[in-house]
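In what follows, a single structure is set out as structure tokens and then discussed.
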Amino acid sequence: MKTAFTARRLYTPVEEIQAPLLIVEDGRITDVSSRAGKTLALNVALVDFGDAVLAPGFVDIHMHGGAGLDLMRALPSELPRLGKFLTTHGVTGYFATTVAAPLDATCATLDRLANAIEAAAADTASNGDPVQARPLGIHLEGPFLSHKRRGVHPPECLVTPTIEIFDRLWQAARGHVRMLTIAPEVPGAMGVITEAARRNVCVSIGHSDADMPVAQAAVKAGARHATHTFNAMRPLDHREPGILGEVLGNDQLSADIIVDGIHVNPVVVQLFLRAKGRERAVLITDAISATGMPDGRYQLGPIEVDVKDGKCTSNGSLAGSVLTMDRAVRNVTQFSDWTLRDAVQAATLNPARAVGLSARHGVLAPGADADFTVLSPAGEVIKTIVRGQGF
Ligand SMILES: [Zn+2]
Numbered sequence: 001m002k003t004a005f006t007a008r009r010l011y012t013p014v015e016e017i018q019a020p021l022l023i024v025e026d027g028r029i030t031d032v033s034s035r036a037g038k039t040l041a042l043n044v045a046l047v048d049f050g051d052a053v054l055a056p057g058f059v060d061i062h063m064h065g066g067a068g069l070d071l072m073r074a075l076p077s078e079l080p081r082l083g084k085f086l087t088t089h090g091v092t093g094y095f096a097t098t099v100a101a102p103l104d105a106t107c108a109t110l111d112r113l114a115n116a117i118e119a120a121a122a123d124t125a126s127n128g129d130p131v132q133a134r135p136l137g138i139h140l141e142g143p144f145l146s147h148k149r150r151g152v153h154p155p156e157c158l159v160t161p162t163i164e165i166f167d168r169l170w171q172a173a174r175g176h177v178r179m180l181t182i183a184p185e186v187p188g189a190m191g192v193i194t195e196a197a198r199r200n201v202c203v204s205i206g207h208s209d210a211d212m213p214v215a216q217a218a219v220k221a222g223a224r225h226a227t228h229t230f231n232a233m234r235p236l237d238h239r240e241p242g243i244l245g246e247v248l249g250n251d252q253l254s255a256d257i258i259v260d261g262i263h264v265n266p267v268v269v270q271l272f273l274r275a276k277g278r279e280r281a282v283l284i285t286d287a288i289s290a291t292g293m294p295d296g297r298y299q300l301g302p303i304e305v306d307v308k309d310g311k312c313t314s315n316g317s318l319a320g321s322v323l324t325m326d327r328a329v330r331n332v333t334q335f336s337d338w339t340l341r342d343a344v345q346a347a348t349l350n351p352a353r354a355v356g357l358s359a360r361h362g363v364l365a366p367g368a369d370a371d372f373t374v375l376s377p378a379g380e381v382i383k384t385i386v387r388g389q390g391f
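Below, the structure written as structure tokens:
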């Protein structure tokens with residue numbers, strides 16, 4: 001069964017197509033083109049979203065939960081609630097992101113998350129389940145972080161990096177670890193970076209007090225990304241650039257940032273976008289369970305977080321966010337001269353490419369999953385389609 005979708009515009013996201021035609025069959029995209037001069041076969045249903053924009057579904061590679069649900073503890077039966085909530089914000093795929101916690105508890109979490117990822121991958125497009133964003137992989141944020149730049153990760157849960165411990169986490173996750181945030185200056189980190197990169201994990205430097213030579217050595221060892229740039233990092237100094245000198249200056253690295261207007265001042269967001277450019281800037285939320293919920297006290301793994309007026313703190317330190325991807329995209333268009341298409345690319349293709357998923361995710365092209373979101377011209381989410389379902 002083929003379905004054709006059309007609207008005013010479509011972002012691939014690298015290109016913009018006016019009066020587009022997006023053809024979907026069995027949950028995959030089979031064609032993307034302009035509808036000018038085309039007649040549809042009689043057996044193809046046409047869905048017209050009028051003035052709207054068709055964009056790839058957002059891919060959030062750093063997310064801890066939402067809708068009251070914390071991914072460190074969530075049961076598989078609760079995940080659909082989170083998945084549905086995420087689609088209302090344009091997200092179709094995410095990396096379940098851990099925080100530093102006791103190793104046994106982390107391994108139990110990783111086993112549960114691996115089950116969820118495998119179940120989501122096995123799901124067929126037409127099983128009648130409500131449309132929901134899918135967990136695509138696991139992001140280990142910790143336990144290999146710097147004590148000095150740990151943010152709210154509990155100090156007693158930070159671990160000296162060894163390949164043995166990395167492998168224990170890898171086995172518990174049955175190979176679904178796709179991203180690792182690590183502080184390269186911690187003794188033992190370089191060996192883990194090399195090994196993780198060898199297993200095709202996106203190694204991301206962050207929660208780090210590294211100086212510039214150490215950050216450069218990490219890139220040499222296989223790191224290719226940076227985690228929530230500026231936050232939980234040694235600050236930039238004009239005589240001692242540190243890790244940020246490498247993250248902002250090296251074009252081989254992509255880097256992500258939390259554009260909620262709280263974690264990084266809008267002026268610095270603009271500088272970041274200029275430094276990393278339209279191909280390598282990545283938007284993340286770092287969202288916690290409180291996202292989409294009223295102010296109050298919430299859990300982030302073992303950490304208690306107070307949420308007030310959109311700000312998440314634990315003992316005075318920022319502890320994740322209640323940001324959503326659609327808001328991050330709109331914020332970029334407000335904080336900088338980037339167009340909606342530029343901002344969408346930083347929420348779709350750029351993250352998918354950073355973690356090696358861009359053949360099927362973050363892009364509207366033949367062969368990719370039919371995961372897309374329908375946006376108003378101002379970037380508000382109208383509808384989200386997952387594997388061709390949900391219109
Ligand atoms: Zn985080």
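Per this note's numbering: the sequence shown = residues 1 to 391. Quick reminder that beta carbons are idealized off the backbone N, C-alpha and C, glycines included.
Next on the checklist: Among the candidates Leu-82, Ser-77, His-62 and Ile-61, whose CA atom is the shortest distance from the CA of Leu-69?
Outcome noted: Leu-82
Item to check | Secondary structure, beta strand (DSSP E): runs of 3+ residues fully inside the segment 175–210 | outcome: 177–182 and 202–205
Checklist entry - Where do the N-terminal and C-terminal ends of the beta strand (DSSP E) with Ile-262 fall, by residue? => result Here Ile-262 belongs to no beta strand (DSSP E), and DSSP marks it neither H nor E.
Checklist entry - Does the distance from the CB of Pro-13 to the CB of Gln-334 come in under 7 Å? => result no
Checklist entry - Got a list of residues with beta-carbon closer than 6 Å to any non-hydrogen atom of ligand 1, in chain order? => result His-62, His-64, Thr-97, Glu-141, Asp-286 and Gly-320
Item to check | Inter-stretch contact (C-beta, 8 Å, three-pair minimum) for the segment 59–66 and the segment 108–117 | outcome: no
Next on the checklist: Using CA atoms only, rank isn't needed, just tell me which of Leu-271, Ala-101 and Val-24 is closest to Leu-248.
Outcome noted: Leu-271
Item to check | Beta bridge counterpart(s) of Phe-95 as assigned by DSSP | outcome: Gly-137
Next on the checklist: Helix, strand or coil for Ala-378? Go by DSSP, reduced to three states.
Outcome noted: coil
Item to check | Segments of 4+ residues assigned as alpha helix (DSSP H) that fall wholly inside the segment 54–108 | outcome: 79–87
Next on the checklist: Quick check: the Cα distance between Leu-103 and Ala-347, rounded to an integer number of angstroms?
Outcome noted: 31 Å
Checklist entry - Is the segment 129–140 close to the segment 300–308, with three or more CB pairs under 8 Å? => result no
Checklist entry - Would you say Arg-278 and Asp-342 are within 7 Å of each other, going by their C-beta atoms? => result yes
Checklist entry - Who pairs with Gln-389 in a beta bridge, going by DSSP? => result Val-386
Next on the checklist: Our contact map puts Ala-221 next to Thr-181 with C-beta atoms below 8 Å; I'd like the distance itself, whole angstroms only.
Outcome noted: With a Cβ gap of about 15 Å, Ala-221 and Thr-181 do not count as contacting.
Next on the checklist: Helix, strand or coil for Phe-166? Go by DSSP, reduced to three states.
Outcome noted: helix
Checklist entry - CB-CB under 8 Å to Glu-78, same chain, minus the five flanking residues each way: which ones, in chain order? => result Leu-69
Item to check | Contained alpha helix (DSSP H) runs [length at least 4] in the segment 234–263, N- to C-terminal order | outcome: 242–249
Checklist entry - What do you reckon, are the CB atoms on Leu-375 and Ala-133 nearer than 7 Å? => result no
Checklist entry - Shortest alpha-carbon distance to Pro-351 belongs to which of His-238, His-62 and Thr-6? => result His-62
Next on the checklist: Spatial neighbours of Ala-120 within its chain, please: C-beta separation below 7 Å, excluding the five flanking residues on both sides.
Outcome noted: Arg-134 and Pro-135
Next on the checklist: Helix, strand or coil for Gly-316? Go by DSSP, reduced to three states.
Outcome noted: coil
Next on the checklist: Only counting the same chain, and skipping five residues up and downstream in sequence, which positions put a Cβ closer than 6 Å to that of Pro-266?
Outcome noted: Phe-335
Checklist entry - With DSSP run on the structure shown, which of helix, strand or coil describes Gln-299? => result strand
Item to check | Bridge partners - Gln-18, DSSP secondary structure assignment | outcome: Arg-9
Checklist entry - Since Leu-340 is in the beta strand (DSSP E), which residue starts that stretch and which ends it? => result Taken as a continuous stretch (DSSP letters only), Leu-340 belongs to no beta strand (DSSP E), being part of the alpha helix (DSSP H) at 340–347.
Next on the checklist: Using CA atoms only, rank isn't needed, just tell me which of Val-24, Leu-273, Val-282 and Gly-242 is closest to Ser-225.
Outcome noted: Reading the sequence as shown, one finds His at residue 225 and not Ser. His-225 has its Cα closest to that of Val-282, out of Val-24, Leu-273, Val-282 and Gly-242.
Checklist entry - With 16 other CB atoms within 10 Å as the buried threshold, where does Lys-276 fall? => result buried
Item to check | Between the CA atoms of Lys-383 and Gly-316 - distance to the nearest angstrom | outcome: 37 Å
Item to check | Candidates Ile-243, Thr-285 and Asp-251, of which the one nearest Ile-257 by Cα | outcome: Thr-285
Item to check | Beta-bridge pairing of His-147 - partner residues as DSSP gives them | outcome: Paired residues: none, contrary to the question.
Next on the checklist: Check this for me: beta carbons of Leu-145 and Ala-172, under 7 Å apart or not?
Outcome noted: no
Checklist entry - Under the three-state reduction of DSSP, which class applies to Lys-276: helix, strand or coil? => result helix
Next on the checklist: If I follow the unbroken beta strand (DSSP E) through Asp-48, where does it start and stop?
Outcome noted: 45–48
Item to check | Distance between Pro-377 and Val-99 (C-alpha atoms, nearest Å) | outcome: 36 Å
Item to check | For Phe-335, three-class secondary structure by DSSP | outcome: helix
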